[in-house]
Every structure is written in C-alpha cells, then in structure tokens.
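First up is the structure itself, then whatever we jot down about it.
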Amino acid sequence: MAFKMTFRWYGEDDKTTLDAIRQIPCMTGIVSAVYDTPVGEVWSEESIGRIKKLAEAKGLAFEVVESVPVHEEIKLGGPDAERLIDNYKENVRRLGKAGVKCICYNFMPVFDWLRSDLSKQLADGSNALAYDRDTVLSLDPLKSELSLPGWDESYTKDGLKELLGRYAGVDEEKLWANFATFLKEVVPVAEECGVRMAIHPDDPPWGIFGLPRIITGAASFERMFSIVDSPANGVTFCTGSLGVDPANDLPAMIRKCGDRIAFAHLRNVKITGDRCFEESGHISDRGSLDMYEIVSALYDAKFDGYVRPDHGRMIWGETGRAGYGLYDRALGAMYLDGIIEAVGKARGEYVKTV
Ligand code: DNO
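As structure tokens, this is what we get:
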C-alpha cells in the first residue's frame, strides 16, 4: 500500500515552478507531459528525458504522465486509427523506458473537461471553476466564443464543425467499440513495460453537446475491466469528476475497484443544483464530498498508487491557469496528507507519502 503525493506541472512555461513544488512538504514527484508534439505523434526521447532530468534535479520523481492524449481518429475509429494506435504504443514504450509507471488519459470526444465559468466568485472572495447546466445547454460550440480549459485551441471553426459532424455517427456503443480496440492494443504493451494505464473519467460525467460520454461511473469501470482483465487496465479515480453525479457513491466505488486505481485525483466539489456545481476548497466541510471517507475507502482498498490534489481555487490574488494555481493546490495537498497520516496511524497502516 502506498500513497505517493504528486503535483501537476505543465512544463517549463508553468508559472508554478519545480522550486515551488518541491517546497510543499509532502511532495514526492510531478505529473507532467510532453507539450511540444502534436496530438497523436510520437514523443521524442529527448523531450521525455528533459522532464525527468529537470524534475530529478529538484529531488522530484517523474513517474506519472497526464496525459498521453488519445487522437480523435482513434475515438472515431477513423481510417488513420491503426497508425495512431501504433504511435500511442510507442509512446507507452518510451515512457516506460524512462521510468514512467502510470499514464493518465481520457476517452472523451472532442472536449476534455468542461465548465461554464472559469472564475466564479465564491463567498470568501476566492474564485473557482463552476458548471451551470442551463448555461451549458444554451451554448453552441460552433457559434459561441468559448475558451474552455480542456479545449484544443488548435481547432478552427470549420475543423470543429467537421469533427462534430463525424461524431454524429458515433453513439455510445460505437464509442465503446472503439475504446475496446484501443484497450486491447495498448494495455498489453503497458503491462509489458511496467506501466499502468489510468483512464480519467468524463468530466462532467454526462453527455455534452450531443456527444457520447462513456466513463461516467461504476458500471463503466466494470465494463472496461471486462474488456481487458489486467492490472495495467486501471483508472484515475477523479473524485471531482465522478462526485458531481450524486448517483456515484465514491467510497463504495473505491472499495469495489480499488486495486485498479492507479492514480487518485482528490478534490471536492459543491453540488449547487441539478447538474450544477462549483469547485470548492478541498476540505470536506466546504463541498459535497467527504474527503475523510474517501481516504478511508482508499485504505480499505489497499490503495497503491499516486495521489494528487486537483483543481484549486484562485486565492491570495493569484492569477494563472484556471484550476492550476499553486496556493490552493498546495493547501489541498497538505490537507490530504494530514488525512492520509491520521487515517493510516489510527489503523496502524500508515505508510509515509514521502
Ligand atoms: C483537468 C484534468 C483533465 C485530465 C484529462 C486526462 O483538470 O483532470 O484535463 O488531465 O482528462 O486525460
């Protein structure tokens, strides 16, 4: 059992520096990715090696990649899918060779995570990401000037229109079939390389803009495990993504699939209405999720993997990448570390995060 505390770092352009990250007392490593290569292509060993070298020079490990993005052609099952899956496998091999143990990815068509507001003012004067169902329903991605955190900025309006058009023929079952093809090809390679694939749930866990979304709760996990039964076919248990659907009983899900959780994104969310939520501070008291119960369930499941605080609010006047400032994520990490220590010591099972 192990909880290895990590922090997401967006590379050398990130305002949050490795020097800052190393000063958060519980940090063991960073979570990062190669950002200089177009989606779908093979990452150079130099670029991978550079992240590792920079991190290790600051005493931080580089064992988790978030993300190796899955090209839309693969999700669509398009004519170029086979070549792109081969590239993906090559990335898994190269990352494994560089010491990476866990690869976070997602299978969300077109959009990654989606919010209607990137800086909603909270009662304490901080601001955070929020999602309002009616606002999202009123949006037309082809018309509105959207700037979304998970949005691939490289889409032109025409490119996006064409892409959305191609998805018109892809329902949930078709997406599952394409996902199965991907898993059957990639998971065995990961297993061979000592890497665990960790799918990130859809965020939010329901369909948007008419696009199918399939990784939404306990049944999705069971279905994907049945496609390829391997410890390398794992999940990123993102409490904030799964937790906005009250039907998801997170501690129960953790107890059920705990040995498949390779990576845990631990953050709180406050459900403010039907399909409406805001991202609160990490502590249980501020949100709808009980973080103590979640950590306890991870202990019950004999969790052995990486943990990271997730989106933070913007506090103390900080500005920067929505959800990914330094201060509130650092507070979150320390809070989580405290719970991990307290639960672990009470059970006589505490394994230090560092
Ligand atoms: C958002 C992140 C996601 C995540 C991807 C994984 O903050 O959790 O963008 O990195 O979905 O592929």
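So for the sequence shown, the numbering used here puts the first residue at 1288; every next one is plus one. We treat Cβ as the ideally placed atom computed from N, Cα and C, and that holds for glycine. Quick caveat, the model's predicted, so the values are computed rather than measured.
>> Starting from Ala1485, trace the beta strand (DSSP E) in both directions and tell me its first and last residue.
In response: 1483 to 1486
> Less than 9 angstroms separating the beta-carbons of Glu1353 and Thr1523?
Replying inline: yes
>> I need the boundaries of the alpha helix (DSSP H) containing Pro1475, first residue and last residue.
In response: 1459 to 1480
> Who are the near neighbours of Glu1360 in its chain, counting only those whose CB is closer than 8 angstroms to its CB and skipping five residues on each side?
Replying inline: Gly1327, Pro1366, Asp1367, Ala1368, Leu1371
>> At the level of alpha carbons, what is the spacing between Ser1403 and Gly1635?
In response: 44 angstroms
> By how many angstroms is the C-alpha of Arg1554 removed from the C-alpha of Met1511?
Replying inline: 24 angstroms
> Cα-Cα, which of Ala1289, Lys1291, Ala1342, Glu1509 is closest to Arg1309?
Replying inline: Ala1342
>> I'd like to check one pair, Met1288 with Ala1620: are the Cβ atoms closer than 9 angstroms?
In response: no
>> Taking the straight line between their C-alpha atoms, what separation do you get for Asp1323 and Arg1573?
In response: 38 angstroms
>> Taking the straight line between their C-alpha atoms, what separation do you get for Ala1410 and Asp1427?
In response: Straight through space, the alpha carbons of Asp1427 and Ala1410 are spaced by roughly 30 angstroms.
>> At a cut-off of 8 angstroms, would you count Pro1396 as near the ligand DNO, judging by its Cβ distance to the nearest heavy atom?
In response: no
> Between Pro1538 and Asp1399, what straight-line distance do the alpha-carbon atoms span, to the nearest angstrom?
Replying inline: 25 angstroms
> Would the segment 1540 to 1547 and the segment 1563 to 1572 be scored as touching if the rule is three or more Cβ pairs under 8 angstroms?
Replying inline: no
>> Just to confirm the assignment, what range does the beta strand (DSSP E) spanning Leu1416 have?
In response: Counting along the chain, the beta strand (DSSP E) containing Leu1416 begins and ends at 1414 to 1419.
> Residue range of the beta strand (DSSP E) that Thr1559 falls in?
Replying inline: 1557 to 1560 is the extent of the beta strand (DSSP E) around Thr1559.
>> For Tyr1392 and Tyr1611, which I take to be in contact (beta-carbon distance under 8 angstroms), what is that distance rounded to the nearest angstrom?
In response: Wrong, their Cβ atoms sit about 18 angstroms apart, outside the cutoff.
> For Ser1517 versus Glu1478, is the C-beta distance shorter than 9 angstroms?
Replying inline: yes
>> According to DSSP, simplified to helix, strand and coil, what is Glu1605?
In response: Here Glu1605 sits in coil by DSSP.
>> At the level of alpha carbons, what is the spacing between Tyr1454 and Gly1481?
In response: One alpha carbon belongs to Tyr1454, the other to Gly1481, and they sit about 34 angstroms apart.
>> Using 8 angstroms for Cβ pairs, my map puts Val1515 next to Leu1462. What's the rounded Cβ distance?
In response: Actually they are not in contact, since the Cβ atoms of Val1515 and Leu1462 sit about 16 angstroms apart, beyond 8 angstroms.
> In chain order, what residues of the same chain lie with their CB nearer than 7 angstroms to the CB of Asn1374, ignoring the 5 residues before and after it?
Replying inline: Gly1327, Glu1328, Val1329
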